[in-house]
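Have a look at the structure below, then the notes.
Protein chains: 2
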Amino acid sequence: MPVTDVRVFIADDHELVRFALKALIDDEPGLTVVGEAADGEDTVALVCEAQPDVLLLDMRMPGLGGTEVCRRVRDVCEGVRVLVLTSYDDEEELFGVLAAGASGYLLKDSRADNVAQAIRSVADGQVVFDDAIAQRVIAGTTATTDRAAAEEYKDLLSEREMEVLRLMAKGMSNKEIARALWIGETTVKTHVSHILRKLDQNDRTQAVLTAVRAGLVSMGGE
Amino acid sequence: MPVTDVRVFIADDHELVRFALKALIDDEPGLTVVGEAADGEDTVALVCEAQPDVLLLDMRMPGLGGTEVCRRVRDVCEGVRVLVLTSYDDEEELFGVLAAGASGYLLKDSRADNVAQAIRSVADGQVVFDDAIAQRVIAGTTATTDRAAAEEYKDLLSEREMEVLRLMAKGMSNKEIARALWIGETTVKTHVSHILRKLDQNDRTQAVLTAVRAGLVSMGGE
DNA sequence: ATGCCGCTCATCCCATCGGGTGATGCCGAG
DNA sequence: CTCGGCATCACCCGATGGGATGAGCGGCAT
Chain A
332 MPVTDVRVFI ADDHELVRFA LKALIDDEPG LTVVGEAADG EDTVALVCEA QPDVLLLDMR
392 MPGLGGTEVC RRVRDVCEGV RVLVLTSYDD EEELFGVLAA GASGYLLKDS RADNVAQAIR
452 SVADGQVVFD DAIAQRVIAG TTATTDRAAA EEYKDLLSER EMEVLRLMAK GMSNKEIARA
512 LWIGETTVKT HVSHILRKLD QNDRTQAVLT AVRAGLVSMG GE
Chain B
332 MPVTDVRVFI ADDHELVRFA LKALIDDEPG LTVVGEAADG EDTVALVCEA QPDVLLLDMR
392 MPGLGGTEVC RRVRDVCEGV RVLVLTSYDD EEELFGVLAA GASGYLLKDS RADNVAQAIR
452 SVADGQVVFD DAIAQRVIAG TTATTDRAAA EEYKDLLSER EMEVLRLMAK GMSNKEIARA
512 LWIGETTVKT HVSHILRKLD QNDRTQAVLT AVRAGLVSMG GE
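Note that the protein sequences, when read in sequence, are chains A and B.
Numbering follows the working numbering, in which position 221 of the first sequence is assigned residue number 552; successive positions increment by one, without gaps.
Numbering follows the working numbering, in which position 54 of the second sequence is assigned residue number 385; successive positions increment by one, without gaps.
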């Protein structure tokens, strides 16, 4: 049990949300609201003075974006841990803000006591995700791949087509693929055409992207 | 606040650790220990009867490995959430057990109240990591992406070029991008040319792939 | 053996792509 | 003020990509 209350700073552009959170948190034993802000600049400016343990941060606010606010806050006040509270989940933003140093990512439709719980965990030096979010993070670590789609496409493409697709995913041109496989460029074009039809895509860029997403091939690093 | 206590099952091969955890948890308001086991087989066998909300699982136990225990428990008892408590952190094991359905991963050198906190969070449907662990998980999510490269490229591309790049990553043609951004196709071509030069790539496919790898953009799913 | 399918290739055609050159207007740094 | 970066566009050009058609060859199945 912490000796002193956990100091919480609220950043949200909606008056109503701030009010609700304030009530919720101040009601909670061991938690105290020590400040609030309604936009990104204010948040960055005020957080340092308030010296909270946890910054409860809305992603969408006028001025700076949530990710940028997170980054700046982490830059200027080492000790502050950022718990993102957002209303919808944008995958890109999720990873962005995590990389920017956030310690948690909750959806606003979380039950109220979840929020209090999460604040405590974050203050304790842990990292908390909403369950739905966590699935994505873990899925992301395990693979960017979509197993279902992979199964679906797996039998669709012939062996040779898969070979060609793999080389396409390395960014090779038809001519290069032809040389690599010791076949004519025309043949490669035929294969590519079939791949495009089978994957229902209009050009090689789209085809490679969907193939990578489906886990058919991996992105060709050097 | 849960109406009934959170039911906790302890799985650890060290008598002393079980004793300490039991004391710690039973002391904690809202948490109750409903069973314990000292090896993997016992854990799998006993957990279902005990019907805990949270299984506190040591990774290293005689018999089954922690990952396997986690997988089996998740297979047979849907409702049980697994909180891994381990003494050393092995990266591979971490991802393995997460993929096996664990809801959290703490190091044993966590402060005592951290554990209680984490149990509550996990019971609340959240996912909790120790801070040190979380760094790795986040690094893992960015595994597809290369932070260093991202930093390197970040300032290289102008705002407009980034917009174009994002649309390229959705598989759009120059013409489509032009319409989307309300600019001429020629302009798009100019931007694309600059992007190719700056990323040192020969065609849009390669450019998109390296951009995705670098984490500059995400793969454009529907 | 007849047909289907995968792999191979050729030829023709046109849209798209990417490069190059040059031009305009804007804006901020030196 | 000038220089350079950015965003916008036009024109020309060669290379590439993708579609369509047709065709020969080798398996494999009914």
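We put the beta carbon where it would ideally sit given N, CA and C, even for glycine.
Between M390 of chain A and T417 of chain A the beta-carbon gap is near 4 Å, inside 8 Å, which marks them as a contact. Between A447 of chain A and E359 of chain A a beta carbon distance of about 5 Å is seen, short of the 8 Å cut, so the two are scored as contacting.
In the DSSP assignment, I341 of chain B is bridged to B:E367, B:L387. Within chain B, no residue has its beta carbon less than 8 Å from that of N505 of chain A; the closest one is some 11 Å off.
One alpha carbon belongs to A430 of chain B, the other to V415 of chain B, and they sit about 13 Å apart.
Per DSSP, L395 of chain A lies in no alpha helix (DSSP H) and is assigned neither H nor E. Beta-bridge partners of T417 of chain B (DSSP): B:L438.
Secondary structure within the segment 512 to 547 of chain B: the alpha helix (DSSP H) runs of 4 or more consecutive residues, fully enclosed, are 516 to 530, 535 to 545 (chain order). The shortest C-alpha to C-alpha distance from D344 of chain A to any of A:D336, A:V364, A:D370 is the one to A:D370. Look at the segment 520 to 544 of chain A: the residues with a C-beta under 9 Å from a C-beta of chain B are Q532, N533, D534, R535, T536, Q537, A538, V539, L540, T541, V543, R544.
When Cβ-Cβ separations below 7 Å define contact, S452 of chain A makes contact with chain B. If you look at V495 of chain B, you'll find it in the alpha helix (DSSP H) that goes 490 to 499. Using beta-carbon distances, D358 of chain B does not count as an interface residue toward chain A, since no partner is under 7 Å. The C-beta distance from V453 of chain B to V385 of chain B rounds to 5 Å, short enough to fall under 8 Å. Neighbours of G410 of chain A across chain B, judged by C-beta separation under 9 Å, do not exist; the nearest C-beta is about 13 Å away. For the segment 339 to 351 of chain B, no residue has a beta-carbon sitting nearer than 7 Å to a beta-carbon of chain A. Of all residues in the segment 367 to 400 of chain A, none has a C-beta nearer than 9 Å to a C-beta of chain B. Where D461 of chain B is concerned, the enclosing beta strand (DSSP E) starts and stops at 457 to 461. Spatial neighbours of C379 of chain B in its own chain (CB-CB distance under 7 Å, excluding positions within 5 residues in sequence) are listed in chain order as V407, C408. Closer than 7 Å to the CB of G502 of chain B there is at least one CB belonging to chain A. By the neighbour-count criterion, in which 16 or more other beta carbons inside 10 Å mark a residue as buried, Q457 of chain B falls on the buried side. Cβ-Cβ distances below 7 Å link P383 of chain B to R338, V339, F340, V365, G366, V411 in the same chain, with the five nearest sequence neighbours on each side left out; the list follows chain order.
Taking 7 Å as the threshold, the shortest C-beta distance from D455 of chain A to chain B falls below it. For D357 of chain A, the enclosing alpha helix (DSSP H) starts and ends at 346 to 358. Close partners of A449 of chain B in chain A (Cβ separation under 7 Å): S452, Q457. By the Cβ test, the segment 492 to 501 of chain A is not in contact with the segment 517 to 527 of chain B, since fewer than three Cβ pairs between them sit closer than 8 Å. The Cβ-Cβ distance between V413 of chain A and A433 of chain A falls below 7 Å. Scanning B:K506, B:L387, B:S504, B:F460 for the CA closest to the CA of A351 of chain B turns up B:L387. Beta-bridge analysis with DSSP links A433 of chain B to B:V413. A residue is called buried when at least 16 other Cβ atoms come within 10 angstroms of its Cβ; N533 of chain A does not meet this threshold and is exposed. Take N505 of chain A, set aside five residues on each side of it, and the residues of its chain with a beta-carbon closer than 7 Å to its own are E516, V519, K520, V523, in chain order.
Exposed is the label assigned to R528 of chain A, since fewer than 16 other Cβ atoms lie within 10 Å of its Cβ.
L488 of chain A counts as buried, since no fewer than 16 other beta carbons sit within 10 angstroms of its beta carbon.
DSSP lists A:V337 as the beta-bridge partner residues of L362 of chain A. Counting C-beta atoms within 10 angstroms of its own C-beta, R402 of chain B has 16 or more neighbours from the protein chains shown and is therefore classed as buried.
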